[in-house]
Each structure stands twice: as structure tokens, then as C-alpha cells.
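Residue numbers (full-length UniProt numbering): 1 to 432.
Just so you know, even glycine gets a beta-carbon here, dropped at the ideal spot from N, CA and C.
Because the structure is a prediction, the values reported are computed rather than measured.
Before any comments, here is the structure.
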């Protein structure tokens with residue numbers, strides 16, 4: 001009876017209520033099991049995650065990752081971001097702002113105060129009718145950069161819109177010390193000199209990627225290319241990664257353990273080895289969910305694992321700089337997870353479900369916009385070795401199919417060395 005009363009009032013409990021010396025850990029585990037069955041709130045997850053991850057017991061993914069989706073946010077933005085704060089960096093946060101949202105620029109200007117924010121996505125919704133949505137501009141990004149210690153742990157920034165940021169926003173990103181990936185869907189006319197401007201500010205530019213159904217693999221190999229010369233294998237691997245990781249995140253009962261950080265399995269190597277061995281990535285993961293329902297869909301998959309990969313690649317130097325480094329790395333089997341638990345919140349809808357959102361709504365026509373992806377070689381105090389960071393052309397080459405002889409007699413000499421754009425190849429990922 002007492003335990004059920006606690007569950008009913010869990011949102012009002014603080015860490016101090018549950019850290020009494022005379023409260024055995026087994027009661028905390030029992031409380032967590034009850035919440036797993038009934039559904040937990042962010043406050044309960046924050047408290048119990050911190051307490052139980054250091055205890056003995058069978059830990060699962062639900063203790064390490066929290067997911068919540070609010071379809072139609074009606075409160076001020078601070079109402080949703082305040083619970084995501086963790087000044088002591090007990091956990092990191094991922095925020096996805098979609099639509100319809102009526103937040104104004106003053107509310108958005110306060111986002112850098114969320115010091116534990118690791119991933120920020122602002123995606124203009126892909127509705128047929130234009131919905132209420134805040135405009136993200138260069139002026140806003142500049143305002144963020146002028147804040148005190150802005151976004152100290154932000155590794156990934158994604159801004160997709162019609163008339164939003166331009167190439168001039170690149171000059172302000174140096175104030176975000178941990179930022180490694182800047183992914184933009186914007187007007188072509190606003191990004192005419194994107195590669196030149198990016199280079200001036202220390203960014204590499206990936207070749208333009210069009211279409212909504214890009215794979216997580218494409219982002220991973222920007223930083224660490226695979227030694228793979230079979231394009232068919234790359235396509236299969238990309239599809240396997242997307243499906244496998246979505247299923248993994250769908251199941252909060254995945255086993256969780258901790259190993260010394262220096263012995264954690266390399267993230268991308270494990271995925272590659274699994275594909276080469278023709279092994280399913282996650283045998284015990286559920287493969288079914290309601291794709292038409294936003295509730296329960298693991299929207300955080302892309303951010304969760306890309307954040308994990310970048311952390312391992314940089315040896316979490318940004319966490320160490322902020323006195324949030326770890327000596328034990330979270331893993332599930334041979335899959336390396338982020339170094340800190342992650343609280344994930346999506347406000348509104350951006351379009352179809354998937355490992356990445358659909359392309360944003362375009363008021364002036366689809367061909368008026370394009371995708372621009374910028375990535376960095378390292379962060380202060382944690383440089384990535386140059387050998388592991390290919391130029392964008394090298395990434396493109398690594399994903400190109402090998403030239404094959406044509407069986408059609410045309411009387412023309414085929415140029416078998418002709419370059420193939422990376423976006424052309426990635427379109428083939430979606431073909432069945």
C-alpha cells in the first residue's frame with residue numbers, strides 16, 4: 001500500500017526523500033519496477049536514475065534514457081526546458097522543437113542557459129498548411145553566442161526551415177565549444193558560398209544531401225569512414241543500422257552494464273562487424289510499433305547514438321572540461337551508449353516518423369532549399385586525429401560504387417571515372 005502511494009505521488013518526491021540511510025536499495029528497485037509498468041515522469045526518472053545506476057542490480061535502458069513527446073505544447077518554453085536542467089551534469093538533454101509551437105525569440109534566446117544540452121533540433125514542420133512556428137535567424141544564433149558560456153556541451157545543432165539561418169550563422173558557432181555537427185536545411189540563395197565561408201571558420205562541408213530519408217550511417221562516416229568497397233554492403237548496412245537502432249531504443253528493457261571507458265567497444269566498428277557477419281543487430285528487440293502514432297515512437301534514436309559516437313570519438317573531452325567525465329562507460333552488450341544518461345523531449349510534430357525527420361515545410365517550393373551539413377575535426381582539448389577525419393570528397397569517394405562494364409552497345413566511350421554525388425547514392429538506400 002505504501003509503495004503504491006509513493007508511485008501515485010512520485011512527481012513530488014526529491015532526491016532527499018529517497019536517500020535516507022535507513023531506506024534499503026531494494027525498495028528503490030521495487031519502486032522503479034512499479035513505475036516501469038505504470039509509466040514514469042521526468043522527475044521520477046531523474047531521481048531514481050541517479051540513485052540506481054550506482055547500485056547493484058539488473059539495470060536496463062529505461063534507467064539511462066528518458067523519452068517524452070508533447071504533441072501540442074501550449075505553455076511557455078521555460079515550462080518544458082526547466083525540468084531538463086542538470087547543473088551537476090547528472091544527465092544530458094536532447095531537445096527537439098517542431099510544430100506547431102508559438103515560442104517567441106525571447107524564449108528561444110534563453111536556450112543557452114540549458115548547460116547540459118547535448119543535442120538541439122529545431123525543425124520546421126512539414127505540414128501542407130503553414131503552421132505557427134518561431135523563425136530561427138542569424139540574429140538569434142548571434143544572440144546565443146553572446147551569452148555567458150553558451151551551450152558548453154552542445155555537440156549537435158540541427159536547424160531545418162524555409163527562411164531561417166544563412167551562411168553568416170557559421171561565424172558565431174565558434175562560441176559553442178563542443179559543437180561538432182551543424183546540419184541545416186535552408187534556402188539555396190542564402191547558402192551560395194557555404195563551403196568557402198565554412199572553411200574560413202574551421203568547418204568541413206559535406207556534399208549536399210537532398211531528400212528526407214538519409215541514414216545515420218552517412219553522418220557517422222563523415223568522421224570515420226568505413227573500409228568498404230562494396231556499395232551494396234553499404235546500403236544494406238545503412239538500412240540495418242536504422243532499423244536495428246530504432247528497435248533497440250523502442251525496448252527500454254535492453255540490458256545495461258558499465259565497463260572501463262578505455263575498454264568500451266568502438267561504436268561504428270561493432271555495427272560494421274555485425275553487418276559483415278550477417279548478424280541481426282538486436283535479436284530480442286521488438287520489431288513492431290504503431291508508425292502512425294507518435295506516442296512511444298523512439299524519435300531520439302538519431303540523436304542518442306550520434307551523441308554516443310561523437311563522445312567516444314573525442315574521448316568526451318568536453319565532459320572532462322566541465323568536470324563531468326566518467327571512468328565507467330555504459331554499454332548494452334557490445335553497443336556503446338552515451339557516457340551520461342540522456343533525457344529526450346520532443347515538442348510538436350515535424351512530419352513522418354523515422355531515424356531523422358522529414359524535410360521541413362517549404363513555402364516557396366522544394367527546389368528552393370537544400371541540405372547543408374558541416375562538421376568539425378575536433379574540439380578544444382580533444383582534437384580528433386586527422387587520420388580519422390576525411391575530407392568531404394574522401395567521404396563521397398568511400399561511398400561510390402565501383403565502375404562496371406556496360407552490356408549495352410552504344411558506340412560511345414563511357415567515362416568510368418565520373419564522380420557520383422553522395423546524395424545520389426544515398427537515395428538508393430531507400431530503395432527496396
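query = Based on Cα-Cα distance, which residue from 377, 112, 364 and 3 lies nearest to residue 189?
reply = Measuring from the Cα of residue 189, the nearest candidate turns out to be 364.
query = Around the C-beta of residue 79, are 16 or more other C-beta atoms found within 10 angstroms, so that it is buried, or is it exposed?
reply = exposed
ask   = residue 374 and residue 205: beta carbons closer than 8 Å?
value = yes
message = Looking only at its chain, what residues have a beta carbon closer than 8 Å to the beta carbon of residue 405, apart from the 5 residues adjacent to it on each side?
response = At residue 405 the pLDDT is 35, less than 50, meaning the model places this residue with poor confidence; the figure from the coordinates comes in the next sentence. Nothing meets the Cβ criterion.
inquiry  = Taking 6 Å as the limit between beta carbons, can you name the residues of its chain near residue 198, skipping five residues before and five after?
reply    = 170, 205 and 374
message = Report the start-end ranges of each beta strand (DSSP E) in the region 121-187 that is 3 residues or longer and not cut off at the edges.
response = 156-160 and 181-187
request  = Measuring alpha carbon to alpha carbon, tell me which of 181, 141 and 137 ends up nearest residue 164.
outcome  = With distances taken between Cα atoms, residue 164 lies closest to 137.
request  = Leaving aside the five residues before and after residue 341 along the sequence, list all residues of the same chain whose C-beta is less than 6 Å from its C-beta, in chain order.
outcome  = 49, 64 and 91
message = Applying the 10 Å Cβ sphere with the 16-neighbour rule, what's the burial state of residue 349?
response = buried
query = Does the region 248-266 come close enough to the region 171-190 that 3 or more CB-CB pairs lie under 8 Å?
reply = no
key: residue 92, enclosing beta strand (DSSP E) - first and last residue   = 92-97
Beta carbon of residue 152 nearer than 8 Å to that of residue 175 = no
inquiry  = As a quick exercise: from 18, 193 and 305, pick the residue whose alpha carbon is nearest that of residue 245.
reply    = Each of 18, 193 and 305 was checked against the Cα of residue 245, and the nearest Cα belongs to 305.
request  = Measure the CB-CB distance between residue 28 and residue 6 and report whether it falls below 8 Å.
outcome  = no
Endpoints, alpha helix (DSSP H) assigned at residue 79 = 77-81
ask   = Between residue 444 and the rest of its own chain, which residues show a CB-CB distance below 8 Å, the 5 nearest in sequence each way excluded?
value = The requested residue 444 does not occur in the structure, where the chain is confined to residues 1 to 432.
ask   = Of all the options 338, 195 and 67, which has the alpha carbon lying nearest to the alpha carbon of residue 257?
value = Checked all of 338, 195 and 67; the closest Cα to residue 257 is 338.
Neighbourhood of residue 77 by C-beta, 6 Å cutoff - its chain only, sequence neighbours within 5 removed = 103 and 107
query = In or out: residue 133 buried (at least 16 other Cβ within 10 Å) or exposed?
reply = Residue 133 should be labelled buried.
request  = Verify whether the separation of the beta carbon atoms of residue 335 and residue 223 is less than 8 Å.
outcome  = no
key: Same chain, Cβ closer than 6 Å to residue 299, five either side skipped, listed in chain order   = 346
query = Around the C-beta of residue 240, are 16 or more other C-beta atoms found within 10 angstroms, so that it is buried, or is it exposed?
reply = Around the beta carbon of residue 240, a 10 Å sphere encloses 16 or more other beta carbons of the protein chains shown; the residue is thus reported as buried.
key: residue 125 vs residue 147 beta-carbon contact at 8 Å   = no
key: Supposed contact pair residue 327 and residue 260 - C-beta distance, whole angstroms, cut 8 Å   = For residue 260 against residue 327, the beta-carbon gap comes to about 7 Å, under 8 Å, which counts as contact.
query = Between the C-alpha atoms of residue 34 and residue 75, what's the straight-line distance to the nearest angstrom?
reply = 30 Å
ask   = Among 201, 71 and 114, which residue has its Cα nearest to the Cα of residue 85?
value = Residue 114 is the option with its Cα nearest to residue 85.
key: Residues sharing a beta bridge with residue 368, DSSP   = Note: residue 368 sits in no beta bridge, so no partner.
Extent of the continuous alpha helix (DSSP H) to which residue 308 belongs = 301-313
task = Let me know if residue 248 comes out buried or exposed under the rule of 16 or more other beta-carbons within 10 Å of its beta-carbon.
result = buried
task = State the DSSP-derived secondary structure class of residue 327, mapped to helix, strand or coil.
result = coil
request  = Figure out for me which residue from 142, 296 and 43 has the closest Cα to the Cα of residue 83.
outcome  = 43
ask   = For the alpha helix (DSSP H) that residue 38 lies in, which residues bound it at each end?
value = 25-38
ask   = What does residue 343 pair with, by DSSP beta-bridge criteria?
value = 66 and 93
task = Give the DSSP-derived three-state secondary structure of residue 113 in the structure shown.
result = Assigned with DSSP and collapsed to three states, residue 113 falls in helix.
task = May I ask you to list the residues that DSSP assigns as paired with residue 258?
result = Per DSSP, the beta-bridge partners of residue 258 are 330.
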